[in-house]
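Undergrad: Chains as they are written, first to last, in this note's numbering: chain A, 2 to 352; chain B, 2 to 352; chain C, 2 to 352; chain D, 2 to 352.
By construction, the Cβ of each residue, glycine as well, lies at the ideal position given by its N, Cα and C atoms.
Source: prediction; values computed, not measured.
Below are the structure tokens for one structure; questions will follow.
Number of protein chains: 4
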Amino acid sequence: MSRKFRVGILGATGTVGQRFVQLLENHPQFEITALAASDRSQGKTYAEACSWKLSGDIPEGVREIEVCAPHAPLDCDVVFSSLPGDIARATEEEFVKAGYPVISNSSAFRMDEDVPLLIPEVNHEHLALLEIQRKRLGDNGGLVVTNPNCSAIGVVIPLAPLQAAFGIEAVIITTMQAISGAGYPGVPSLDITDNVFPYIGGEEEKVEAETRKLLGRFANGGVENAAFQVSAQCNRVNVTDGHTAAVRVKLKSKARPDEVAEVMRTFTSLPQLLGLYTAPAQPIIVRTEQDRPQPRLDRDAGRGMSVTVGRIQTDNVFDIKFISLSHNTVRGAAGAAVLNAELLVAKEIIK
Amino acid sequence: MSRKFRVGILGATGTVGQRFVQLLENHPQFEITALAASDRSQGKTYAEACSWKLSGDIPEGVREIEVCAPHAPLDCDVVFSSLPGDIARATEEEFVKAGYPVISNSSAFRMDEDVPLLIPEVNHEHLALLEIQRKRLGDNGGLVVTNPNCSAIGVVIPLAPLQAAFGIEAVIITTMQAISGAGYPGVPSLDITDNVFPYIGGEEEKVEAETRKLLGRFANGGVENAAFQVSAQCNRVNVTDGHTAAVRVKLKSKARPDEVAEVMRTFTSLPQLLGLYTAPAQPIIVRTEQDRPQPRLDRDAGRGMSVTVGRIQTDNVFDIKFISLSHNTVRGAAGAAVLNAELLVAKEIIK
Amino acid sequence: MSRKFRVGILGATGTVGQRFVQLLENHPQFEITALAASDRSQGKTYAEACSWKLSGDIPEGVREIEVCAPHAPLDCDVVFSSLPGDIARATEEEFVKAGYPVISNSSAFRMDEDVPLLIPEVNHEHLALLEIQRKRLGDNGGLVVTNPNCSAIGVVIPLAPLQAAFGIEAVIITTMQAISGAGYPGVPSLDITDNVFPYIGGEEEKVEAETRKLLGRFANGGVENAAFQVSAQCNRVNVTDGHTAAVRVKLKSKARPDEVAEVMRTFTSLPQLLGLYTAPAQPIIVRTEQDRPQPRLDRDAGRGMSVTVGRIQTDNVFDIKFISLSHNTVRGAAGAAVLNAELLVAKEIIK
Amino acid sequence: MSRKFRVGILGATGTVGQRFVQLLENHPQFEITALAASDRSQGKTYAEACSWKLSGDIPEGVREIEVCAPHAPLDCDVVFSSLPGDIARATEEEFVKAGYPVISNSSAFRMDEDVPLLIPEVNHEHLALLEIQRKRLGDNGGLVVTNPNCSAIGVVIPLAPLQAAFGIEAVIITTMQAISGAGYPGVPSLDITDNVFPYIGGEEEKVEAETRKLLGRFANGGVENAAFQVSAQCNRVNVTDGHTAAVRVKLKSKARPDEVAEVMRTFTSLPQLLGLYTAPAQPIIVRTEQDRPQPRLDRDAGRGMSVTVGRIQTDNVFDIKFISLSHNTVRGAAGAAVLNAELLVAKEIIK
């Protein structure tokens with residue numbers, strides 16, 4: 002490739018927007034040319050507008066970019082969106098109609114019938130939905146691809162090889178989620194210091210629905226949801242980054258913990274084959290110590306893109322239980338979207 | 002009763018030992034006369050020996066008691082034990098053989114066939130085991146009654162009315178446990194600050210086994226474990242006091258969330274009937290706010306003796322899911338033992 | 002007194018407002034009859050309007066009170082105010098002009114020349130300012146008395162006996178403040194989890210100015226600020242309740258740590274003499290353990306109204322250094338105001 | 002240089018030992034050839050012996066090294082020591098006598114008259130002490146160089162340019178220190194969750210004494226302590242990494258905050274001139290936002306080797322106050338030692 006794709010970020014000053022900025026610094030295929038955010042930020046430079054909450058400084062290359070309104074046209078080839086749910090639908094639609102490929106981290110379009118809800122390692126064949134989408138939208142280059150909810154990603158990646166190897170009959174998920182998932186100001190400290198907060202609005206429904214779409218099969222011009230049931234209980238805990246999930250799986254063909262570990266450990270997929278820039282060498286890292294994974298130690302594995310699984314054991318009620326850990330704003334949000342975009346570039350869907 | 006029973010505490014300087022001391026201050030039926038702890042503490046006054054970790058000061062009445070070795074004879078009528086597992090069995094047995102009623106918070110004897118694993122609201126009829134125990138031990142007044150693991154208690158209390166009303170087919174428990182459960186120094190801060198620690202040695206096994214004994218039926222001279230399976234995943238989170246559990250229950254007779262709430266809310270049992278001093282008016286407090294229970298707000302409900310349940314919902318995989326919260330060193334340890342002792346007094350088993 | 006004073010609370014749904022409600026439950030002299038808060042809450046019952054963030058439940062007696070607008074007239078004899086700074090001045094003035102005694106926790110009037118900035122143990126003679134205030138406001142019963150900033154209180158109380166015994170030449174204060182001081186939602190968790198936040202808007206200026214007024218002398222119809230300089234650095238740390246302050250004091254007459262401890266330990270004042278309901282037996286508790294005070298262990302001392310001081314040592318640069326700890330929403334806010342009101346009742350200023 | 006120096010690490014399994022291992026991975030001048038630790042670890046591979054507490058995995062190159070006893074001879078050219086204080090003196094002395102250069106992070110020899118207490122940016126001329134040391138020890142290549150206490154380093158680096166530009170008359174330091182400074186298991190979580198712990202054994206004395214030696218002048222064959230007094234109050238807060246210090250400085254020549262900021266911002270020294278591998282481009286990063294520095298955001302600045310200073314203001318009592326932040330196990334421990342070693346290599350003291 003002789004040039005970089007020019008990227009515009011919607012919601013650029015938010016927690017996930019900042020991760021986009023961080024992940025795209027020095028990216029070989031993308032460079033940031035436009036940053037859009039809410040009214041309050043518009044007209045300021047990014048450095049002025051953004052209350053930077055990540056370790057390290059705002060990358061030099063974007064400090065002086067003037068924050069603009071999230072409206073088309075925008076000076077870019079591709080749009081990454083991490084807009085809040087309430088305004089995402091209308092705004093992203095505006096960009097799609099204007100001919101931009103929109104790589105969205107928002108929940109607005111995830112469950113739409115012709116929108117791929119994409120984890121490149123898990124369901125890249127769902128990209129076939131883009132043909133149906135194109136029929137609806139016309140052929141001006143506009144399209145929308147979404148990545149899942151931050152909690153769904155970290156569980157679905159380890160479920161994928163289990164589904165392939167053994168079949169899945171039911172999944173029970175209990176999450177212990179990091180505060181960064183709620184953005185900034187996000188979770189009030191009085192709700193989480195010395196506390197567990199047992200409610201995250203809409204989260205359980207998203208995890209339950211998205212998991213079934215993600216692990217569904219593309220057939221007959223659409224995605225058929227996976228046939229099994231999913232139960233989620235979602236809790237917030239006092240962790241900065243890294244969602245932990247306690248998972249039970251009922252399998253179609255019984256499997257021992259060591260067999261489960263083996264299919265997870267050896268799991269690779271298209272992004273690894275294609276050598277996508279953001280793809281981790283190992284999508285799933287299986288740890289055998291009895292006290293892993295842990296958010297503080299494992300969230301940055303594979304530069305935040307690997308899911309770490311541990312404590313794989315036989316379950317008394319279902320067949321298998323394990324603990325899954327993933328970085329919620331990298332693999333669970335900005336990194337997920339960047340990997341999605343890389344796959345679209347590799348497949349020349351973005352060109 | 003014209004006099005107070007004189008109480009000796011084994012493991013008096015530990016986290017649970019301190020709770021015993023706190024809960025027995027001004028107790029109408031018990032007064033502390035002996036405090037026993039490990040070698041390092043012996044010979045010092047309790048105020049010198051004890052690194053007090055509870056809010057407020059060491060009660061005046063015990064500050065000057067000299068800490069002695071945990072060996073019989075001890076200057077007391079009843080022994081409360083919160084000894085560490087490794088020395089509990091031999092030491093408690095020594096006291097039982099010497100004729101003391103031992104009210105134990107330790108795990109040593111919990112699963113022994115003729116030892117009641119007692120939650121007065123749940124299975125007071127298990128006290129019939131004491132007759133079998135007496136046959137083994139002789140009739141010198143020595144006996145041992147245990148209370149369950151801190152995580153098991155907080156889940157079993159809400160399960161009890163469900164079992165009675167609807168029957169239980171399976172239970173899946175995922176805990177988020179407080180650091181005080183590990184004693185002092187206990188959990189290293191580097192393991193829990195900005196972290197979830199997914200392993201507590203022996204905990205999952207205890208929760209799984211004890212739940213079935215607790216909800217078992219006394220019949221034919223023994224306790225028959227409840228027939229259903231239990232799955233536990235136990236995690237430590239950065240909370241000082243209060244264990245949270247995410248629970249799914251498969252019921253024999255289906256029930257709606259409001260029916261489940263109703264049988265929990267109206268559940269009372271023998272301790273409430275007898276008006277035992279430490280018994281909460283409501284063993285189970287059902288909250289209807291979508292973000293409750295929370296450890297910081299609910300752990301002290303019913304002076305730490307009520308279990309608070311919330312987020313009762315239909316579950317996609319099982320029938321019902323809910324969140325349960327209980328104070329791990331009060332209802333889950335010292336308060337549990339004190340309530341057990343109060344029941345034994347009321348039934349004139351201790352006299 | 003044959004009847005209770007009827008109390009209206011301004012800002013009733015906030016963190017400090019909730020403490021007012023909690024502290025006035027079962028108060029022998031006051032009963033809550035009116036609860037006022039911002040637009041969003043008006044017309045709802047208090048139980049509906051209030052996101053209760055304290056341990057335990059909303060007291061029964063106030064659950065059904067309808068939250069009204071913070072405007073006079075209000076169905077009460079006395080007004081307690083914990084309004085946010087920006088609206089406190091106009092609103093409190095409205096009530097004063099309408100003839101209500103206003104006991105304010107807000108910063109609006111604290112530094113006004115004829116407004117007592119009152120800590121009953123420290124400067125009750127400043128109440129003489131009310132005569133000057135009355136001249137300005139007229140004689141309709143309206144008056145305003147304020148309590149200091151939550152950080153100033155916890156340091157000024159231990160400084161008071163030092164000033165009396167040894168004289169003070171300079172004070173250097175470094176605070177580590179609890180999150181509850183910022184109200185709700187208040188401090189975003191991303192700013193304080195695994196972090197120290199070194200900035201609290203306006204706090205250093207308040208501590209520096211208020212300390213000098215508090216320890217000033219009433220003379221010639223006004224309060225002359227104390228002559229010494231005060232330096233404050235104010236930081237937020239990840240603690241729910243309890244402000245810790247590291248203090249150095251340069252004394253006029255040198256004193257040893259044991260002498261400093263003695264004058265603090267034996268310090269009592271008018272509230273103790275009068276037996277005011279909320280007054281702690283010991284305004285200052287001096288601890289001699291090398292690792293005290295600590296927020297978790299000491300904030301509730303004296304039902305949250307005692308200041309705990311420890312680590313009193315000779316300082317290399319100044320004369321004395323020590324650590325001070327006080328409950329920021331009890332002694333530092335709502336409890337301070339209630340004690341002020343009790344003093345006004347005892348002195349028949351409120352009648 | 003054609004080869005790497007072979008390094009042995011004493012205390013290799015501890016928190017600082019792990020940082021040594023992490024920092025020396027891929028170091029251009031050093032490679033780890035020996036890892037020594039306490040009895041319990043000996044004979045195991047490093048991967049088996051070490052409970053790794055840093056983000057990421059144990060570097061491949063050391064996983065299989067067998068942990069040996071901390072005794073000479075050791076298969077290495079240079080020894081890095083992070084032994085606990087109680088055994089450091091005898092063990093380090095053994096290595097020095099056996100002819101090894103010992104780069105020590107321990108406190109044992111820091112205040113010895115002929116031992117450099119070295120921060121390369123601050124007092125590299127103190128290395129002249131090694132000549133005196135050599136006279137005592139003989140000429141077999143054995144020598145010991147120490148780095149300061151983790152809290153002293155973070156304050157002394159910003160003080161150094163102030164001393165040079167304006168002169169210092171007194172310094173008052175209040176620290177809020179991270180838990181990793183206490184090693185593992187280190188600080189019990191019950192002491193620090195929802196808490197400030199106001200005591201760190203020996204810390205205040207070390208900060209007070211070391212600061213004066215560090216900023217002292219080499220003259221007449223020894224280091225003359227700086228003439229000013231230092232006061233330290235040291236507290237532990239719930240932060241994983243990164244010590245925060247609130248500092249007041251009384252200057253000989255008055256200076257405005259902007260002048261102080263300027264001399265700090267432009268401060269560089271010998272390590273920057275020599276381009277030492279671990280030396281940060283900017284020893285001091287001055288931030289102008291009112292809410293910086295913060296541990297979570299700034300501890301990794303300059304790969305953990307920069308000190309970040311902010312909130313530089315005029316002080317009411319002294320002249321200047323500011324907040325300083327440094328990574329306690331990188332700049333404050335392992336990184337400090339590695340930088341010391343790099344300077345010794347550059348000066349051909351190690352060769």
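What do you get for SER325 of chain B, buried or exposed, if any count of 16 or more other CB atoms within 10 angstroms of its CB means buried?
TA: buried
Undergrad: Return the chain-ordered ranges of every alpha helix (DSSP H) run that is complete within the segment 201-277 of chain B and spans a minimum of 4 residues.
TA: With a minimum length of 4 residues, the continuous alpha helix (DSSP H) runs that stay inside the segment 201-277 of chain B are 204-215, 258-266, 271-275.
Undergrad: Can you pull the chain D residues whose beta carbon is under 8 angstroms from the beta carbon of ASP195 of chain B, in chain order?
TA: Residues of chain D with a Cβ closer than 8 angstroms to the Cβ of ASP195 of chain B are, in chain order, THR241.
Undergrad: Can you look up LEU75 of chain C in the DSSP assignment and give me helix, strand or coil?
TA: coil
Undergrad: In the DSSP assignment, find the beta strand (DSSP E) that holds LEU326 of chain B and state where it starts and stops.
TA: The continuous beta strand (DSSP E) containing LEU326 of chain B extends over residues 321-327.
Undergrad: Beta-carbon of SER83 of chain C versus every beta-carbon of chain A: anything under 8 angstroms?
TA: no
Undergrad: Write down every uninterrupted run of the beta strand (DSSP E) in the segment 57-144 of chain B whose length is 3 residues or greater and which is fully enclosed by it, in chain order.
TA: 79-82, 102-105
Undergrad: To the nearest angstrom, how far is the alpha carbon of ALA89 of chain D from that of GLY184 of chain D?
TA: 15 angstroms
Undergrad: Less than 8 angstroms between the beta carbons of ASN329 of chain D and ASP192 of chain D, yes or no?
TA: no
Undergrad: Mapping the DSSP letters down to three states, classify GLU349 of chain C as helix, strand or coil.
TA: coil
Undergrad: Could you tell me whether the segment 311-322 of chain D touches the segment 88-105 of chain D, where touching means 3 or more Cβ pairs closer than 8 angstroms?
TA: In short, these stretches do not touch, since the Cβ pair count stays below three.
Undergrad: Give every residue of the same chain whose Cβ lies closer than 7 angstroms to the Cβ of ALA109 of chain A, excluding the five residues on either side of it in the sequence, and list them in chain order.
TA: GLY86, ALA89, ARG90, GLU93
Undergrad: Could you say which of B:SER327, B:ILE321, B:PRO294, B:ARG293 lies nearest to PRO284 of chain B if we only look at CA atoms?
TA: Just measuring C-alpha positions, the residue of B:SER327, B:ILE321, B:PRO294, B:ARG293 sitting nearest PRO284 of chain B is B:SER327.
Undergrad: Going by DSSP, name the residue or residues bridged to GLY311 of chain A.
TA: A:ILE324
Undergrad: For LYS5 of chain D, which residues from the same chain have a beta carbon less than 7 angstroms from its beta carbon, with the 5 sequence-adjacent residues on both sides left out?
TA: GLN30, PHE31, GLU32
Undergrad: Using a Cβ-Cβ cut-off of 8 angstroms, state whether ILE180 of chain D counts as contacting chain B.
TA: yes
Undergrad: Between VAL308 of chain B and chain A, is there a C-beta pair that is closer than 8 angstroms?
TA: no
Undergrad: I'd like to know if ASP87 of chain A contacts chain B, where contact means its C-beta is closer than 8 angstroms to some C-beta of that chain.
TA: no
Undergrad: Since GLN295 of chain B is in the beta strand (DSSP E), which residue starts that stretch and which ends it?
TA: First-last for GLN295 of chain B: undefined, no H or E at that position.
Undergrad: Report yes or no: do three or more beta-carbon pairs, one from the segment 153-161 of chain D and one from the segment 331-346 of chain D, lie closer than 8 angstroms?
TA: Contact check between the segment 153-161 of chain D and the segment 331-346 of chain D: three or more CB pairs, one atom from each, fall below 8 angstroms, which counts as touching.
Undergrad: I want to see whether chain B comes within less than 8 angstroms of PRO189 of chain D, judged by CB atoms only; does it?
TA: Yes - at least one Cβ of chain B is within 8 angstroms of the one on PRO189 of chain D.
Undergrad: Is there contact here, the segment 116-133 of chain C with the segment 270-286 of chain C, by at least three beta-carbon pairs under 8 angstroms?
TA: yes
Undergrad: From LEU130 of chain D to PRO117 of chain D, what does the alpha carbon distance come to, in whole angstroms?
TA: 6 angstroms
Undergrad: Starting from GLN178 of chain C and walking both ways along the beta strand (DSSP E), at which residues does that stretch end?
TA: 169-178
Undergrad: Determine, for GLY210 of chain A, whether the minimum Cβ-Cβ distance to residues of chain B falls below 8 angstroms.
TA: Here residue 210 of chain A is Ala; the residue named in the question, Gly, does not match the sequence. Not one chain B Cβ lies under 8 angstroms of ALA210 of chain A.
Undergrad: Taking all protein chains shown into account, do 16 or more other C-beta atoms lie within 10 angstroms of the C-beta of ASP76 of chain B, making it buried, or fewer, making it exposed?
TA: exposed
Undergrad: Would you list, in chain order, the members of the segment 295-307 of chain A that have their beta-carbon closer than 9 angstroms to a beta-carbon of chain D?
TA: ARG297, LEU298, ASP299, ARG300, ASP301, ALA302
Undergrad: Over the uninterrupted alpha helix (DSSP H) stretch that includes GLY9 of chain D, give me the two end residues.
TA: Unbroken run through GLY9 of chain D is the beta strand (DSSP E), 6-11; no alpha helix (DSSP H).
Undergrad: Quick one: residues in its chain with C-beta nearer than 8 angstroms to the C-beta of LYS348 of chain D, no 5 flanking neighbours on either side, listed in chain order?
TA: Excluding residues within five positions, the ones whose Cβ falls inside 8 angstroms are LEU128.
Undergrad: Measuring alpha carbon to alpha carbon, tell me which of C:VAL97, C:SER42, C:THR16 ends up nearest ALA70 of chain C.
TA: C:SER42
Undergrad: Spell out the partners DSSP gives PRO189 of chain D in its beta bridges.
TA: Bridge partners of PRO189 of chain D: B:PRO189.
Undergrad: My output table needs one value for VAL197 of chain B: the three-state DSSP class, helix, strand or coil.
TA: coil
Undergrad: Going along chain B, which residues have a C-beta under 9 angstroms from SER56 of chain C?
TA: ARG297, LEU298, ASP299, ARG300, ASP301, ALA302
Undergrad: Do we get a CB-CB distance below 8 angstroms when we pair LYS322 of chain A with the residues of chain B?
TA: yes
Undergrad: With 8 angstroms as the threshold, decide whether the Cβ of ASN317 of chain D is near any Cβ in chain C.
TA: yes
Undergrad: Would you say VAL116 of chain D lies against chain C (beta-carbon separation less than 8 angstroms)?
TA: no
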